[in-house]
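Number of protein chains: 2
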Amino acid sequence: MARADSEAAEGLFRAFKDGFRWEGVPHMPYKEEGSAPFKAISRQVLFEDPDQACQLRYFEMDAGGYSTLERHEHVHAVMILRGNGHCLLGNEVRPVRQFDLITIPAWTLHQFRATGGEPMGFLCMVNNDRDKPQLPDSAEVERLRQDPTVAAFLDGMPARA
Amino acid sequence: MARADSEAAEGLFRAFKDGFRWEGVPHMPYKEEGSAPFKAISRQVLFEDPDQACQLRYFEMDAGGYSTLERHEHVHAVMILRGNGHCLLGNEVRPVRQFDLITIPAWTLHQFRATGGEPMGFLCMVNNDRDKPQLPDSAEVERLRQDPTVAAFLDGMPARA
Numbered sequence: 004m005a006r007a008d009s010e011a012a013e014g015l016f017r018a019f020k021d022g023f024r025w026e027g028v029p030h031m032p033y034k035e036e037g038s039a040p041f042k043a044i045s046r047q048v049l050f051e052d053p054d055q056a057c058q059l060r061y062f063e064m065d066a067g068g069y070s071t072l073e074r075h076e077h078v079h080a081v082m083i084l085r086g087n088g089h090c091l092l093g094n095e096v097r098p099v100r101q102f103d104l105i106t107i108p109a110w111t112l113h114q115f116r117a118t119g120g121e122p123m124g125f126l127c128m129v130n131n132d133r134d135k136p137q138l139p140d141s142a143e144v145e146r147l148r149q150d151p152t153v154a155a156f157l158d159g160m161p162a163r164a
Numbered sequence: 004m005a006r007a008d009s010e011a012a013e014g015l016f017r018a019f020k021d022g023f024r025w026e027g028v029p030h031m032p033y034k035e036e037g038s039a040p041f042k043a044i045s046r047q048v049l050f051e052d053p054d055q056a057c058q059l060r061y062f063e064m065d066a067g068g069y070s071t072l073e074r075h076e077h078v079h080a081v082m083i084l085r086g087n088g089h090c091l092l093g094n095e096v097r098p099v100r101q102f103d104l105i106t107i108p109a110w111t112l113h114q115f116r117a118t119g120g121e122p123m124g125f126l127c128m129v130n131n132d133r134d135k136p137q138l139p140d141s142a143e144v145e146r147l148r149q150d151p152t153v154a155a156f157l158d159g160m161p162a163r164a
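Okay, structure coming up:
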């Protein structure tokens, strides 16, 4: 890369900015409608390149926000990047904090909740080529709720670790 | 996942530990020999799964350490996770700090240096299926050194930003 290519290098170096935003990365809040199964969450796609088989995204929830309770065939590789909260995986509820790693296997229901009174954000690596998420039906959610720990999580009040 | 599967969930939640280590993730220091083209660097593979087409690795250099100056066809998607330092990309030298993003395109020489007087660590996403890195020959390094900024970087004394 010649010195004259400095300008071309601009897009290759993208600075971190206040508030967990990045230079040149669009911030995409999810639009909440009547029955939206998520709350106060946004997405930023940090890396997306036809020469790479995966994307790296950053999702962030405001305090009290949560991601959609869903499952899919594709695997999620997650690292908490900001704050702390709780994660439901199958029917296991765990506290999670900055830099913890979470593997979400195929077809496993999962949800993240920013229960720490502050925003919680996480990196999520996924295959470019992936299936669409599926939502649990109400009977399944009822079965999940039979576990008091899971019910408390779904109500936004997980037990203290 | 039934309550009885709590144990199975253990490997899915891997806690961050002091010193930028992770539960269940082997820490692999690179062995330095006579002509090793790197210094004081270690690798931890955070995510590696046959069901994902990419890996996510964490590399860390001690203060003053550096990665190998190399190029390859595969793309690197990098996020600085710890500390700050400098990055050479082509013949562009840039200061980098926590959570900055760096895209390393195909066949572009690159090197990271922990110039901040503290360890610097970064995440690096790569395709599972990738080519081996190639080193520049001495003539090419000489050409790079004709740029005083690059020469200072290679000597471990990059100019202040």
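If you read the sequences in order, they're chains A and B. Residue numbering for the first sequence follows the working numbering, beginning at 4 and increasing consecutively. Residue numbering for the second sequence follows the working numbering, beginning at 4 and increasing consecutively. Every residue, glycine too, gets a C-beta built ideally from N, C-alpha and C. Just so you know, these numbers come straight off a predicted model, no measurement behind them.
### Task
Pull up the distance between the alpha-carbon of A:Gly-159 and that of A:His-89, whole angstroms please.
9 angstroms
### Task
State buried or exposed for A:Ala-5, treating a residue as buried only when at least 16 other CB atoms are found within 10 Å of its CB.
Only weak support is given to the placement of A:Ala-5: the predicted model assigns it a pLDDT of 42, under 50, and the question is left unresolved by the model.
### Query
Residues of chain B with CB under 9 angstroms from A:Thr-106, in chain order?
Gly-14, Leu-15, Phe-16, Arg-17, Phe-50, Asp-52
### Query
Should A:Glu-145 be flagged as near chain B, meaning a C-beta pair shorter than 8 angstroms?
no
### From B:Ser-38, B:His-75, B:Asp-65, residue whose alpha carbon lies closest to that of A:Asp-54
B:His-75
#### Entry: Limits of the unbroken alpha helix (DSSP H) element including A:Leu-104
That residue, A:Leu-104, is in no alpha helix (DSSP H); its beta strand (DSSP E) goes 104-107.
### Query
For A:Asn-87, which beta-bridge partners are listed by DSSP?
A:Arg-100
### Alpha-carbon spacing of B:Ile-44 relative to B:Ile-83, whole angstroms
14 angstroms
### Query
Which class does A:Pro-53 belong to by DSSP, given the choice of helix, strand or coil?
coil
### For A:Phe-23, three-class secondary structure by DSSP
coil
### Message
Just to confirm my understanding: we take A:Asp-150, look at its own chain, exclude 5 residues before and 5 after, and list those with CB closer than 7 angstroms. What are they?
### Response
Asn-94
#### Entry: Contact set for B:Asp-65: own chain, Cβ-Cβ below 7 angstroms, skip 5 residues either direction
Ala-43, Ala-117, Pro-122
#### Entry: A:Gln-114, buried or exposed, once every other Cβ within 10 Å from all chains shown has been counted against 16
buried
### Query
For A:Ile-107 versus A:Leu-92, is the C-beta spacing smaller than 8 angstroms?
yes
### Residues in the segment 93-124 of chain B having any Cβ partner in chain A nearer than 9 angstroms
Gly-93, Asn-94, Glu-95, Arg-97, Val-99, Arg-100, Gln-101, Phe-102, Asp-103, Leu-104, Ile-105, Thr-106, Ile-107, Pro-108, Ala-109, Thr-111, Leu-112
### Message
A:Val-81 and A:Leu-104 - do their beta-carbons sit closer together than 8 angstroms?
### Response
yes
### Query
Going by DSSP, which residues form a beta bridge with B:Ala-154?
Note: B:Ala-154 sits in no beta bridge, so no partner.
### Query
Counting only beta-carbon atoms, is B:Ala-66 nearer than 8 angstroms to chain A?
no
### Message
According to DSSP, B:Glu-73 sits in a beta bridge with which residue or residues?
### Response
B:His-113
### Beta-bridge pairing of A:Phe-125 - partner residues as DSSP gives them
A:Phe-62, A:Ile-83
### Task
Measuring only between beta-carbons, confirm whether B:Cys-57 sits less than 8 angstroms from chain A.
yes
### Chain-ordered chain B contacts of A:Asn-130 [CB-CB under 9 angstroms]
Asp-54, Gln-55, Ala-56, Cys-57
### Query
So with Cβ pairs under 8 angstroms, would you call B:Glu-63 a contact of chain A?
no
### Message
On a Cα-Cα basis, can you pick out the residue from A:Val-96, A:Gly-119, A:Leu-112 that is closest to A:Val-144?
### Response
A:Leu-112
### Task
Taking B:Ser-70 and B:Phe-23 to be in contact with their CB atoms under 8 angstroms, please state how far apart those CB atoms are, rounded to whole angstroms.
Rounded, the Cβ-Cβ distance is 16 angstroms, inconsistent with contact.
### Query
CB A:Leu-59 to CB A:Leu-147, shorter than 8 angstroms?
no
### Task
Put B:Arg-46 into one of helix, strand or coil per three-state DSSP.
strand
### Message
Between B:Phe-62, B:Ala-154, B:Asn-130, which has its C-alpha nearest A:Cys-57's C-alpha?
### Response
B:Asn-130
### Message
Excluding the 5 residues flanking A:Leu-72 on each side, which residues of the same chain have their C-beta closer than 8 angstroms to its C-beta?
### Response
Pro-40, Leu-91, Leu-112, His-113, Gln-114, Leu-138, Pro-139, Val-144, Leu-157
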